[in-house]
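> Input: one structure, supplied below.
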Amino acid sequence: MSDEHQEKHSTLQDIIALRKEKVHQLREMGVNPYPYSFEVTHKSQEIIDNYESLENQEVSVAGRMMSIRIMGKASFVHIMDGKGKIQIYLSQQDIGEKAYAIFKMLDIGDFIGIKGRVMKTRTGEVTIKGESMTLLCKNIRPIPIVKEKDGVLHDAFRDKELRYRKRYLDLIVNPDVHEIFIKRAAILRWTREFFDAREYLEVETPILQPVYGGANARPFVTFYNALDTNFYLRIADELYLKRLLVGGFEKVYEISKNFRNEGIDRLHNPEFTAIEFYEVYVDYEYMMDLVEEYIQTIAEKSGKMTLTYEGHMIDFSVPFQRKAMFDLFEEFLGTDIREYEIPDLQALYKKLGRKVDSAWNYGQLINELFKECVESHLIQPTFVIDYPKAISPLAKIKRDGNERLVERFELYIAGNEYANAFTELNDPLDQRERLENQAKLRELGDLEAQVVDEDFLQAMETGMPPTGGVGIGLDRLIMLMTEQSSIKDVILFPAMRPETP
RNA sequence: GGGUGUGUAGCUCAGGCGGUAGAGCAGCGGCCUUUUAAGCCGUUGGUCGAAGGUUCGAAUCCUUCCACACUCACCA
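For the first sequence, the numbering used here gives the first residue as 1177, with consecutive numbering after it.
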């Protein structure tokens, strides 16, 4: 900058205006603020890790400037690349007067490329002694400045709303956030490896569905102009995966984004990622073994065979417990409610001093009771098995002849549900009856009851072999493995109310 | 939807017995060739979430609204 008058403002808008002016000035000086490419030979972390062999070698690095310390004719900056940070030393003597003048026009947040030689400063920090500097991207909108000393962050960027709304800033400034999403990607990769290795076929089924099904939830509705009809964003992919088994595939899985038009909280995001997998000729016992193996594989690869989650020590290394739902009721209620009907359950609610909605059906009463009285006790990985038929319209009746129960399990860890699975119902007559019962519940006001999918029923009539099937909430599994207590912290762009200025 | 809390400069936060705002960092102008929360001197910057109300006077008190966080409910 020349003999310009002193700028007197520093609101955000002023800073942006000033930086736009710098872009203009740089262009006039023959510097392209937005060039096309830059040759990188090393990542920051590689240089730090391999200092001995790289000392005094020429390297070329690129990254975003995260701090600048100008001391007259020499300066230190830290740049951050995808693998970490490294310090750069730049002096007017080494890079020349013009380049140094350009450097002094730059700001924290700019991307630069550096060619130079690896050295250590007198305090021992691995540093690149720059021999040339290239501006790679001029920042216009300033980033939060976070400083750190002895591992303690100062002025950390912690405002959760801003972090979620402006995730790119969160990622720039909070390196541990990077780690979570790298771990997320790894877990998804290990998941695919696990099923691919077992000859499961990865498939993709419709996200826009003319009839939604496969779970109890309210959907998002959208209007399809060309077909002049409503479509639904899927709440689950179950009914489509089963059609594929009818079609002759024997093992399929899909990692599916599902959408449920419900509340947002620590454990729920309206769009979330689940895996469902189905294998023919096996039952829920087999699937329990497979799920256990899967969870243990992910835990092992994550280096978390034991971990602390929500204050609980969780141990994945021992065999998971398997407990029947009504045994658990007996254990935690002290009452055998196997034969209870609606009035008995209502009486029990009263006795327990719990609020009860007189409109609740059997399934709702059982679900509530389980959530209230049992769930929070299930800390170590536990398969809850043998659910009432009334709350499991897609599961097969117990083979022992007990018509009230189905072959179903859910996996609980740290009081939360992680998996839901059945010996899949493949009797087309029974399936039709159960979905029709669900439809009746809908008419009675249960907005989450399932709807009848006629094409699905026709597929069942065509014949689906005996099958075991499982759904697992992957976001929650990722939360567990990264020890995060909010689903928002494992979803890059969690759902937020749109900003209204 | 209920409860609790938060919302003040770009970021992190003070202030809050009512007298229309402060700090650090960032920014801007200087000095500075091994610094690292660099330092030193100087300096700009705010419709105190929004709208009403009480008052001579509101960031501060009251009401409503908005957003977010935590939590309960809902959601297997």
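Heads up, the beta-carbon is just placed ideally off N, CA and C, and yes, glycines get one too.
#1: To the nearest angstrom, report how far apart Ile1573 and Glu1222 are at their CA atoms.
#2: By the DSSP assignment, the beta strand (DSSP E) with Leu1409 in it spans what residues?
#3: Output the boundary residues of the beta strand (DSSP E) element that contains Gln1497.
#4: Does the Cβ of Glu1680 have 16 or more other Cβ atoms within 10 Å, making it buried, or fewer, making it exposed?
#5: So, at 7 angstroms on beta carbons, what are the nonlocal neighbours of Thr1658 in its own chain, with the 5 sequence-adjacent residues on each side left out?
#6: For my contact list, Phe1287 and Ser1251 are in at a C-beta cut-off of 8 angstroms; report their separation, rounded to the angstrom.
#7: DSSP state of Ala1393, grouped into three classes?
#8: Can the beta-carbon of Ala1625 be found less than 8 angstroms from the beta-carbon of Pro1446?
#9: Strictly by DSSP, which residues pair up with Phe1252?
#10: Could you tell me which residues DSSP puts in a beta bridge with Ile1490?
#11: Of the choices Ile1561, Leu1570 and Lys1565, whose alpha-carbon is the least far from that of Phe1585?
#12: Restricting to Cα atoms, I'd like to know which of Arg1365, Met1295, Arg1419 and Val1294 is closest to Thr1638.
#13: By how many angstroms is the C-alpha of Val1428 removed from the C-alpha of Lys1296?
#14: For Asp1257, which residues of its own chain have a beta-carbon under 6 angstroms away from its beta-carbon, when the five flanking residues on both sides are left out?
#15: Alpha helix (DSSP H) containing Lys1359: first to last residue?
#16: Give the straight-line distance between the Cα atoms of Arg1608 and Pro1569, rounded to the nearest whole angstrom.
#17: Under a three-way DSSP split, which group does His1553 fall into?
#18: Which residue wins for smallest C-alpha separation from Glu1228, given the options Gly1300, Ile1246, Glu1204 and Val1207?
#19: Residues in the same chain with beta-carbon distance under 6 angstroms from Met1281, minus the five sequence neighbours each way, listed in chain order, please.
#20: Report, in whole angstroms, the separation of the C-beta atoms of Arg1442 and Ile1663, which I expect to be a contact under 8 angstroms.
#21: Under a Cβ-count criterion, where at least 16 other Cβ atoms within 10 Å of its own Cβ denotes burial, should Leu1605 be classed as buried or exposed?
#22: Check each candidate in Ala1277, Leu1617 and Ala1595 and name the one with the smallest Cα separation from Ala1535.
#23: Quick check on Gln1182: does DSSP put it in helix, strand or coil?
#24: Going by C-alpha distance, which of Asp1576, Ile1224 and Ser1267 is nearest Met1309?
#25: From Ser1186 to Gly1439, what distance separates their C-alpha atoms?
#26: Distance check for Tyr1485 and Leu1403, CA to CA, integer angstroms please.
Taking the coordinates as given:
#1: Position 397 of the first sequence, counting from 1, holds the residue named residue 1573. Position 46 of the first sequence, counting from 1, holds the residue named residue 1222. Between Ile1573 and Glu1222, the C-alpha separation is close to 58 angstroms.
#2: By one-based count along the first sequence, residue 1409 stands at place 233. Start and end: Thr1405 to Leu1409.
#3: Here residue 1497 refers to the residue found at position 321 of the first sequence. Taken as a continuous stretch (DSSP letters only), the beta strand (DSSP E) holding Gln1497 covers Gln1497 to Ala1500.
#4: Residue 1680 lies beyond the stretch modelled for the chain, which goes from 1177 to 1677, so this question has no answer here.
#5: Against the first sequence, residue 1658 aligns to sequence position 482. Once the five neighbours on either side are set aside, the close Cβ partners of Thr1658 are Ile1356, Lys1359 and Val1666.
#6: For the purposes of this step, residue 1287 is taken as the residue at position 111 of the first sequence. For the purposes of this step, residue 1251 is taken as the residue at position 75 of the first sequence. With 8 angstroms as the limit, Phe1287 and Ser1251 do not qualify as a contact, their Cβ atoms being about 17 angstroms apart.
#7: Residue numbering aside, residue 1393 sits at position 217 when the first sequence is read from its first letter. Residue state, collapsed to three classes: coil.
#8: In the first sequence, residue 1625 corresponds to position 449, counting from 1. In the first sequence, residue 1446 corresponds to position 270, counting from 1. No. Outside cutoff.
#9: What you label residue 1252 is simply residue 76 of the first sequence in a count that begins at 1. In the DSSP output, where bridge partners are listed per residue, Phe1252 has Arg1245 and Tyr1265.
#10: Position 314 of the first sequence, counting from 1, holds the residue named residue 1490. Paired residues: Leu1483.
#11: The residue you call residue 1585 lines up with position 409 of the first sequence. Across the set Ile1561, Leu1570 and Lys1565, the C-alpha of Ile1561 shows the shortest separation from the C-alpha of Phe1585.
#12: The residue labelled residue 1638 in the question sits at position 462 within the first sequence. Ranking the options by Cα distance to Thr1638, first place goes to Arg1419.
#13: To locate residue 1296, count along the first sequence from 1; it is residue 120. To locate residue 1428, count along the first sequence from 1; it is residue 252. So the alpha carbons of these two residues sit roughly 54 angstroms apart.
#14: Sequence index remark: in the first sequence, residue 1257 carries index 81 (1-based). Same-chain partners within the cutoff: Lys1219, Ser1220 and Gly1239.
#15: Taking the first sequence and counting its residues from 1, the one referred to as residue 1359 is at position 183. Here the alpha helix (DSSP H) through Lys1359 covers Pro1351 to Ala1373.
#16: To locate residue 1608, count along the first sequence from 1; it is residue 432. To locate residue 1569, count along the first sequence from 1; it is residue 393. Taking the straight line joining both Cα atoms gives about 10 angstroms.
#17: Here residue 1553 refers to the residue found at position 377 when the first sequence is read from its first residue. Here His1553 sits in helix by DSSP.
#18: Residue numbering aside, residue 1228 sits at position 52 when the first sequence is read from its first letter. The shortest Cα separation from Glu1228 among Gly1300, Ile1246, Glu1204 and Val1207 belongs to Gly1300.
#19: Counting from one through the first sequence, the residue named residue 1281 turns up at place 105. Result list for Met1281: Lys1198, in chain order.
#20: Residue 1442 sits at position 266 when you count from the first residue of the first sequence. Residue 1663 sits at position 487 when you count from the first residue of the first sequence. At roughly 6 angstroms, the Cβ-Cβ gap stays under 8 angstroms, so Arg1442 and Ile1663 are in contact.
#21: As a position in the first sequence, residue 1605 is number 429, starting the count at 1. Counting the other Cβ atoms within 10 Å of the Cβ of Leu1605 gives fewer than 16, which makes it exposed.
#22: Numbered from its first residue, the first sequence carries residue 1535 at position 359. For the residues Ala1277, Leu1617 and Ala1595, the minimum Cα distance to Ala1535 belongs to Leu1617.
#23: Residue mapping note: residue 1182 aligns to position 6 of the first sequence, counting from 1. Reliability of the predicted coordinates at Gln1182 is poor, the pLDDT of 47 falling under 50, and the value obtained from them is presented with this limitation in mind. Coil, per DSSP.
#24: Position 133 of the first sequence, counted from the first residue, corresponds to residue 1309. Measuring from the Cα of Met1309, the nearest candidate turns out to be Ser1267.
#25: Here residue 1186 corresponds to residue number 10 of the first sequence, with the count starting at 1. Here residue 1439 corresponds to residue number 263 of the first sequence, with the count starting at 1. Taking the straight line from one Cα to the other gives about 41 angstroms.
#26: Here residue 1403 refers to the residue found at position 227 when the first sequence is read from its first residue. Here residue 1485 refers to the residue found at position 309 when the first sequence is read from its first residue. Rounded to the nearest angstrom, the two C-alpha atoms are 48 angstroms apart.
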